[in-house]
Amino acid sequence: MKYYLTTPIYYVNDSPHIGHAYTTVAADVIARWRRYRGDDVFFLTGTDEHGAKICQAAVRAGNSPAEFCDRISGEFRKEWQNLKITNDYFIRTTDQKHISAVQKFLGALHATGAVQKGKYEGLYCVGCEKFLSESDLVDGCCPDHKQKPVLQSEENWFFRLSDYQEELLKIITDDSDPRVKIFPVERRNEITGKLKNLKLENISISRANLEWGIPLPFDPGQTAYVWVDALLNYISAIGYGEGDGRFERLWPSDMHLMAKDILWFHSVIWPAMLLAAKLPLPKKIFAHGFFTINGDKMSKTVGNVILPKEMSDKFGVDASRYLMLSLFPFGADGDISWQALTDKFNTDLANNLGNLVSRTLTMVEKYFEGRIPKPNSTPALEEVINIGEFNGFFEDLKFSNIIETVQKHLNHANQLIERSAPWKMAKANDPELSTVLFELLIRIREASLAVYPFMPEIAANIWKQIGSDEDIDSEARAFFQGGAIASPKPGNAVAKSGSLFPRIIDKK
Ligand code: MSP
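As numbered in this note's numbering, residues 6 to 513 make up the sequence shown, in order.
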């Protein structure tokens, strides 16, 4: 089964921060999990490079827009490599192929009569790249960007959004219709509430005085509105209009992932554009929450921006991926602090996972000369991970539940050590010592497969240390597909090497 998954394409006005990383890592965990499930995944991310906001940022940096975009887009690409993001493609809206696809789409839309020329006057916030209404403003300013919006009055091209209001509401609220299903449910209610109570206005889809954009094919003096340009990345990236069959194979998308700030664009404007162009609609749209840092919105002015690199320097890349998704339920708003990250690192990773592996391997080395023992009897193995439930958490993006399940599993193994006290068994020459250690190795195997989508390198490292000679990828496929996973092989050598998670004591 093909599975087409996207993140937002991020604005290049600024370097990547952990807000961007949060969505991208979440998408990567899902992409990896889907691959182990056997899906044929196409995972897309990229950068959004046109519009007034980028143009102004380039001027501030003393660069041409093109140079500026190359530089910051490169930073995103590098950051995602560092974070082990396994995207299949990275789109830039300045790519020639994207530009051609946007022109093709807008030309087709124009031909259907869904766009028309009109005059518009409104308050435009460059930070949001959208028109705001008077009621959106706080003390005359955009509440998000704390800036006064500018009055814009232009002849533009308009998209007849209002024509699609009823049809969209029907599609979104009909559970038997697989299209545009919005998650979590509170977000879906927000959107349906608005669709029921507001009268949608037609939206301007072009700019008359902004050169840093894609010229409209039917009116080259105007450039495409940056949001229209950006949303089309989801089809341009898979060859819309190129005729090589990729678009037909991959579209519609199976999931668009983003935060709630841009849900309206994805769940209303985007589907309406597709309806107008008579193209299939996306299936799922998941809008997760926004997080703050120590209670404040993350911003340069407050000076509390956390860069992914700062996190990975402190905790390592794999642990950072895990920690980002562990602090509060995905979908809800939450708060992040260095203190909470450090505590979670110490508890979940250094103490629970790291110690379990290290204690077990030390005992195998000490009592069985570093070789996996042949169990004296069959290990009891109650309370192993219920894979049906576990997969359900991945399916619903319930990362906190996944992490909780893993931690319970690790607790259980650590308790087995406490309960059975292998050091006493060794003294007493109890033959069941081999069974206990064998059971611990089975549990560690399972734990490493369970965390593999989050911590690919650490999991593979543990896998090796405990003397597994099977390919971890094929075992991960067996595990996530609910099949039997291979048992530890008695006689194989374990190889304890270094500390997986050096304990972080300082409290930054
Ligand atoms: N360029 C548009 C998206 C176009 S998609 C067709 C855009 N870019 S953005 O750079 O502002 O990225 C917004 C996204 O970044 C959010 O939807 C979310 O995925 C992520 N986040 C940025 N800051 C975040 C938090 N503080 N918390 C959670 N997610 C955050 O909008």
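Every residue, glycine too, gets a C-beta built ideally from N, C-alpha and C.
Original post:
For the candidate residues P257, D353, A229, whose alpha-carbon lies nearest to that of A242?
Top reply: P257
**OP:** Report yes if the CB atom of L215 is closer than 8 Å to the CB atom of A57, and no otherwise.
**Re:** yes
**OP:** Could you name each continuous beta strand (DSSP E) segment of 3 residues or more that falls completely within the stretch 35-88, going from the start of the chain to the end?
**Re:** 45-53
Original post:
Any idea what DSSP makes of M303, helix, strand or coil?
Top reply: coil
Original post:
Any chance the CB of P148 is under 7 Å from a heavy atom of ligand 1?
Top reply: no
Original post:
Looking at the unbroken alpha helix (DSSP H) that takes in V411, where does it start and where does it end?
Top reply: 404-425
Subject >> Per-residue burial, K513 [other beta carbons within 10 Å of its own, 16 or more giving buried] >> reply: Low per-residue confidence applies at K513: pLDDT is 46, beneath 50, and the placement is therefore not dependable, though the value from the model is reported in the following sentence. The residue in question, K513, is exposed, as its Cβ has fewer than 16 Cβ neighbours within 10 Å.
Original post:
Which word fits M263, buried or exposed, when buried means at least 16 other C-beta atoms lie within 10 angstroms of its C-beta?
Top reply: buried
Original post:
Thinking just about the alpha-carbon of each residue, which of S504, P285, D234 is nearest to the one in F252?
Top reply: P285
**OP:** Return the CA-CA distance between I377 and P493, expressed in angstroms with no decimal places.
**Re:** 7 Å
Original post:
What residues are listed by DSSP as bridge partners for H293?
Top reply: A264
Original post:
So does M460 have its beta carbon nearer than 7 Å to some heavy atom of ligand 1?
Top reply: no
Subject >> 8 Å Cβ cutoff met for R508 and A282 >> reply: no
Original post:
What number of angstroms, rounded off, separates the C-alpha of K501 from the C-alpha of A464?
Top reply: 14 Å
Original post:
Around the Cβ of T50, are there at least 16 other Cβ atoms within 10 angstroms (buried) or fewer (exposed)?
Top reply: buried
Original post:
Based on Cα-Cα distance, which residue from L438, V362, G321 lies nearest to T347?
Top reply: G321
Original post:
Can you find a CB in chain E that lies within less than 8 Å of the CB of A113?
Top reply: This model lacks chain E altogether, as it is built from one protein chain only.
Original post:
Taking the C-alpha atoms as reference points, what is the distance between K288 and P183?
Top reply: 6 Å
Subject >> Buried/exposed call for W217, threshold 16 Cβ in 10 Å >> reply: buried
Subject >> CB contact flag (L111, A26, <8 Å) >> reply: no
Original post:
Can we say the stretch 269-280 touches the stretch 184-199, given the rule of at least three CB pairs closer than 8 Å?
Top reply: yes
Subject >> K204 - containing alpha helix (DSSP H), residue span >> reply: Premise fails: K204 is in no alpha helix (DSSP H) and is neither H nor E.
**OP:** Give a single yes or no on whether T50 has its beta carbon closer than 7 Å to a heavy atom of ligand 1.
**Re:** no
Original post:
Taking all protein chains shown into account, do 16 or more other C-beta atoms lie within 10 angstroms of the C-beta of A337, making it buried, or fewer, making it exposed?
Top reply: exposed
**OP:** Determine the closest residue to G118 out of H103, T367, W162, with distance taken between C-alpha atoms.
**Re:** W162
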